[in-house]
Each structure stands twice: as structure tokens, then as C-alpha cells.
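Okay, so the sequence shown: first residue is 85 according to the numbering used here, each after it adds one. From the three backbone atoms N, C-alpha and C, an ideal C-beta is built for every residue, glycine too. Bear in mind the structure is a predicted one, so any value in this text is a computation, not a measurement.
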Amino acid sequence: MNLQLEDKTERGRVNPEKVLVTGSAGFIGFHVAKRLLDDGKQVLGLDNMNEYYDVNLKWARLRQLMERPGFRFAFSDITDRQRMEQIFRTERFDSVIHLAAQAGVRYSLTHPHAYIQANVAGFLNVLENCRQTGVQHLVFASSSSVYGANKHLPFSVHDSVDHPVSLYAATKKTDELMAHVYAHLYQLPVTGLRFFTVYGPWGRPDMALFHFTKSILEGRPIELYNYGKMRRDFTYIDDIVEGIVRLAGKIPPLNPQWGGEALGPGTSSAPYRIYNIGNNHPAELNDFISILEEKLGRKAKRIPLPMQPGDVPATYAEIADLERDIGFKPATPLRQGIGRFVD
Numbered sequence: 085m086n087l088q089l090e091d092k093t094e095r096g097r098v099n100p101e102k103v104l105v106t107g108s109a110g111f112i113g114f115h116v117a118k119r120l121l122d123d124g125k126q127v128l129g130l131d132n133m134n135e136y137y138d139v140n141l142k143w144a145r146l147r148q149l150m151e152r153p154g155f156r157f158a159f160s161d162i163t164d165r166q167r168m169e170q171i172f173r174t175e176r177f178d179s180v181i182h183l184a185a186q187a188g189v190r191y192s193l194t195h196p197h198a199y200i201q202a203n204v205a206g207f208l209n210v211l212e213n214c215r216q217t218g219v220q221h222l223v224f225a226s227s228s229s230v231y232g233a234n235k236h237l238p239f240s241v242h243d244s245v246d247h248p249v250s251l252y253a254a255t256k257k258t259d260e261l262m263a264h265v266y267a268h269l270y271q272l273p274v275t276g277l278r279f280f281t282v283y284g285p286w287g288r289p290d291m292a293l294f295h296f297t298k299s300i301l302e303g304r305p306i307e308l309y310n311y312g313k314m315r316r317d318f319t320y321i322d323d324i325v326e327g328i329v330r331l332a333g334k335i336p337p338l339n340p341q342w343g344g345e346a347l348g349p350g351t352s353s354a355p356y357r358i359y360n361i362g363n364n365h366p367a368e369l370n371d372f373i374s375i376l377e378e379k380l381g382r383k384a385k386r387i388p389l390p391m392q393p394g395d396v397p398a399t400y401a402e403i404a405d406l407e408r409d410i411g412f413k414p415a416t417p418l419r420q421g422i423g424r425f426v427d
């Protein structure tokens, strides 16, 4: 496939005119779409508005986007093969930022089929349509969950991720493998991003910050798994968006000199790269809640509980590749990020 990238790049960067953002009514997708619109891009948002969490929150995000010039919305499910083919053929996207997925570790314990459908079958539709329509760059969301039972901290993209501990993590690793196949066979430029515990305004209700804040304000107790000793590399949404946008503009090149044994699974001879986007400063859950108490001016009622199946005790992002390749590292302090969410 001849992408003719030399006509549309400047120093290895690309400024696409039309971008597809899947999962645009979701937490990260909403913020990414807003940023792309600020940057003057044409954005088609796509979402199936599923009921994994309160759909009213998704519609509230979407209404903000639909007020913006340059934004259009397609109500669709990525698992709908015919609909996806029609959208890609009609729109002819310059790039795709794929953030739609069935999220959540614990939900995957009880709803496994939803993860295979959305995260594997749905992603195949995205890959195949990117190939068929000559998309110049596909950026997709992976997850820090792929590190699974890996105890080597900080987690590096050059580490093995062969021991996932949840089906959610297994589907995300599957996405990375599928993406590499398309990069290798068809020279489709693909970049996968492993996000680390994203938080911030307009966040997901099923995630810790939103859930804890609501419970504290309503005087309800909060459950602390692993007795509050879990450590997470909490990463503020603006830092995630900055990383996504910068990497979307950096098309991974072919590297015929690549040697897999030396460079590990984060790179390839194909136009394929994997990056961590994390704060690089993990915090214990108990400390996280103490900051939240300070910002709310209220004390939490804590219920310590043992570790839950599918969880890992700590996440910690090694981000040297991110800094080297785009000159950026997440830097929002936890106290500042939590304060913005509470406000």
C-alpha cells in the first residue's frame, strides 16, 4: 500500500484534516475531540452510547461537542461491520484515534462476551477499514492492565506482557498483536497507547475518583481493596490528551535495522510503536483519598477489603520512549488534578 506520506508530512509529523474519534462520548474521547477541534481539525465522533455507565453523562459530553464547528457525530457500534465500512468509505479519514472499547476490569469477570465483541471483533473492523481506505495513521488505546502479573517496576514497553490477569487485559494485548499484524502485512502506520489510571473532569463514574467523591459527598462508605495499599500511576486527563495529540502527529516509520531481541516488543521493523502514557509517580490509594478529603473538606468512611480478582497491586509507567520521541511527559501533580475534578 502506497501511503504517499512524503506529500503530507513535515519533519515526520502530519496534520490531518479529517479525524475519526471512536468513543467520542466517552471520558477520554470527549476530551480528545475537544482538543482536536481547538486545533482546527474536522472531527467525526462515533459512539454507540452503551449503558455500561450512566448514558446521561455521555449525552452531556456529546452535547458540548455538537455545539462546536467542525464536529459531526455518527451513532454507530464498531462491531457493526457494514455500518463501519460505509462510514469509512464515505468519509475517507486522514487519521483515526480509536478509543471505543468495553472498559473495566471487574465487569469483565461477569460479562466476558462484551469484551471479545467490542475490543477484539470491533477493533478488527477498525483495522480492516483503515487498511482498505488508506488511513495515514491509526492511534489506538491499549491499557496499563496488559502488564498483568509483571512485578518489574516501573512497567516498560520493552517488558514482556505475556501474563494478563483479567480478560479485559487479554483483549487489550490482543489488540496490540492484531495492530502489529496490520502494520507488518500492509504497512499501516499504527501507534498503541497504554494509559495509566486516567482521572479528571467529566470522568467515568465507575472509576475511583468519581465514585469516591460521590460517596463521600453522600455520606456513604467507600471500599478500599488491598486495604488501601494499592498503588496507581494516576494520570490527569489533560496529560493523556497532550500525549495522544502529539503522537497522532508522529507517524511511526519502517525500521529495517530493527532487532527484536535487543529492542523488545514496544518497537518493530514495521511502522508500529507502543508507548506508555502515565504520570511516572505512583500514589497509594490511602494518600489519594486523603487529598480528596482535603479538597472536599469532608472525611471518608473507609471499609478496608482484600484484593479483588483481576486487580494488580501497583502500576508505574516508565516513559523514557515518550519523552524521547515527542518531548513530553505528564506533569500534573495529583493534588492539582484532584482539585480540578472537585471544582
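Buried/exposed call for residue i, threshold 16 Cβ in 10 Å
i	result
E307	exposed
T281	buried
S244	exposed
K142	buried
D246	exposed
I422	buried
G350	buried
A233	exposed
M133	exposed
G411	exposed
F177	buried
L369	buried
G287	buried
Residue i - containing beta strand (DSSP E), residue span
i	result
I200	Premise fails: I200 is in no beta strand (DSSP E) and is neither H nor E.
H295	That residue, H295, is in no beta strand (DSSP E); its alpha helix (DSSP H) goes 292-301.
A158	155-159
F279	274-279
S179	179-182
Opening and closing residue of the alpha helix (DSSP H) in which residue i lies
i	result
H221	First-last for H221: 221-227, but that is the beta strand (DSSP E), not the alpha helix (DSSP H).
Q148	139-150
I375	369-380
E307	Where E307 is concerned, there is no enclosing alpha helix (DSSP H), although the beta strand (DSSP E) it sits in stretches over 306-309.
G327	321-332
Q166	165-175
CB of residue i within 8 Å of CB of residue j, strictly
i	j	result
V223	A332	yes
K437	E377	No statement about residue 437 is possible, as the shown extent of the chain runs from 85 to 427 and does not include it.
L237	A398	yes
Y356	D405	no
F318	F279	no
S226	V189	no
A354	H221	no
P366	R315	yes
L389	Y270	no
Cβ of residue i within 8 Å of any chain B Cβ
i	result
G218	Judged by its chain identifiers, the structure shown contains no chain B, having just a single protein chain.
Identity of the residue in the options nearest residue i by Cα
i	options	result
T258	I200, N310, D290, G218	I200
A187	E175, M314, V204	V204
K125	P340, R419, L104	L104
T194	G110, N364, Y136, H264	Y136
A263	E302, L208, P366	L208
G154	V127, V139, A144	V127
A117	L183, L418, G381, G276	L183
Rounded distance between the beta-carbons of residue j and residue i, thought under 8 Å
i	j	result
Y283	V274	Y283 to V274, Cβ: 27 Å. No contact.
L121	R152	5 Å
F483	M150	There is simply no residue 483 to check, as the chain begins at 85 and stops at 427 in what is shown.
L418	I361	Not really, about 16 Å apart at Cβ, beyond 8 Å.
R145	A198	Wrong, their Cβ atoms sit about 21 Å apart, outside the cutoff.
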